[in-house]
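Trainee: Counting in UniProt numbering, the sequence shown runs from 1 upward without gaps. Backbone N, C-alpha and C fix where the C-beta goes; we use that ideal spot for every residue, glycine too. Sending over a structure as structure tokens; questions will come in a sec.
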Amino acid sequence: MGQPLNDVALDTIFRTARSYNGYTDAPVTEADIARIYDLLKMGPTSVNQQSARFVWILSQEGKDRLASFASGSNADKIRKAPASVIIGYDMDFHEHLPELFPHAPEARNWFPTDEGRREHAFRNSSLQGAYFIIAARALGFDTGPMSGFDNAKVDEAFFADQPRVKSNFISTLGVGDPSTIYDRSPRPAFDRFNRVI
1 MGQPLNDVAL
11 DTIFRTARSY
21 NGYTDAPVTE
31 ADIARIYDLL
41 KMGPTSVNQQ
51 SARFVWILSQ
61 EGKDRLASFA
71 SGSNADKIRK
81 APASVIIGYD
91 MDFHEHLPEL
101 FPHAPEARNW
111 FPTDEGRREH
121 AFRNSSLQGA
131 YFIIAARALG
141 FDTGPMSGFD
151 NAKVDEAFFA
161 DQPRVKSNFI
171 STLGVGDPST
181 IYDRSPRPAF
191 DRFNRVI
């Protein structure tokens, strides 16, 4: 059984963490990305399906290309960030289940239709995208998740060799510059959107 995190850790991951619009000049390295991935992959997904597929972009050429498919101010955020990541989902995640969920060899057959696979892949890649945000924060980085982009163009540009992989959302990544954020938006009290029955 896990132990409760202290207030510093809870602040780092949730209470004082923010989504950033800009970053310092501190770099993001391939080693940093590997450390983030090694944490986020431990988060739970349905039947350990690990449906998310990540494209980590460190080169300016790659960031410029991704930015060309983003809308509004998102393009500039992507160009200027130390790194960006595309969180996609694999429609054929079920083909990997014999390896990833070995105690149920029949699990591949639990997802017989594209419609059902899309629902599961999208949901679980969204979870893994959230784990990415938490892992990045836990390791001292900040993120700027966004959905304002042309999914079809991103898929064509970054997943052309994997046509069964589709983009879910994208995020910038780096060490956040506090001058680029607004005051925190309101968060609702428990009784606003919760019921206990």
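Which same chain residues end up closer than 6 Å to residue 75 when comparing Cβ atoms and leaving out the 5 residues on each side of it in sequence?
Mentor: Position 75 of the sequence shown, counted from the first residue, corresponds to residue 75. Excluding residues within five positions, the ones whose Cβ falls inside 6 Å are 67.
Trainee: As a quick exercise: from 60, 157 and 38, pick the residue whose alpha carbon is nearest that of residue 27.
Mentor: For the purposes of this step, residue 27 is identified with residue 27 of the sequence shown, where counting begins at 1. Residue 27 has its Cα closest to that of 60, out of 60, 157 and 38.
Trainee: Determine the extent of the beta strand (DSSP E) in which residue 168 is found, giving its start and end residues.
Mentor: For the purposes of this step, residue 168 is taken as the residue at position 168 of the sequence shown. Looking at the DSSP string, the run of the beta strand (DSSP E) that includes residue 168 is 165–174.
Trainee: Taking C-alpha atoms, which residue in 100, 83 and 49 lies nearest to residue 91?
Mentor: By 1-based counting over the sequence shown, the position of residue 91 is 91. Among 100, 83 and 49, the Cα nearest to that of residue 91 belongs to 49.
Trainee: Do you know offhand how far residue 47's Cα is from residue 168's?
Mentor: Against the sequence shown, residue 47 aligns to sequence position 47. Against the sequence shown, residue 168 aligns to sequence position 168. Roughly 20 Å between the two C-alpha positions.
Trainee: Tell me, which residues are paired with residue 114 by DSSP?
Mentor: Here the question's residue 114 lines up with position 114 in the sequence shown. Residue 114 is not bridged to any residue.
Trainee: Helix or strand or just coil, what does DSSP make of residue 13?
Mentor: What you label residue 13 is simply residue 13 of the sequence shown in a count that begins at 1. In the structure shown, residue 13 sits in a helix (DSSP, three-state: H, G or I).
Trainee: Compare the beta carbon distance of residue 145 and residue 19 with 8 Å and say whether it is the shorter of the two.
Mentor: Counting from one through the sequence shown, the residue named residue 145 turns up at place 145. Counting from one through the sequence shown, the residue named residue 19 turns up at place 19. The answer is yes: Cβ separation under 8 Å.
Trainee: What does a CB cutoff of less than 7 Å around residue 12 pick up in its chain, not counting 5 residues either side in sequence?
Mentor: For the purposes of this step, residue 12 is identified with residue 12 of the sequence shown, where counting begins at 1. The residues are 137 and 138.
Trainee: Among the residues of its own chain, which have a CB less than 6 Å from the CB of residue 33, if the five just before and after it don't count?
Mentor: On the sequence shown, position 33 is the one that residue 33 refers to. Here the set comprises 56.
Trainee: Provide the residue(s) that pair with residue 89 in DSSP beta bridges, ordered along the chain.
Mentor: Here residue 89 refers to the residue found at position 89 when the sequence shown is read from its first residue. Paired residues: 52 and 166.
Trainee: Mind pulling the beta strand (DSSP E) runs of 3 or more residues that sit fully within the UniProt domain "Nitroreductase" (17–161)?
Mentor: Counting whole runs of 3 or more residues, the UniProt domain "Nitroreductase" (17–161) contains the beta strand (DSSP E) stretches 52–57, 83–90 and 142–146.
Trainee: Do residue 149 and residue 87 have their beta-carbon atoms positioned less than 8 Å apart in this structure?
Mentor: In the sequence shown, the residue the question calls residue 87 occupies position 87. In the sequence shown, the residue the question calls residue 149 occupies position 149. Taking 8 Å as the Cβ cut-off, residue 87 and residue 149 do not qualify as a contacting pair.
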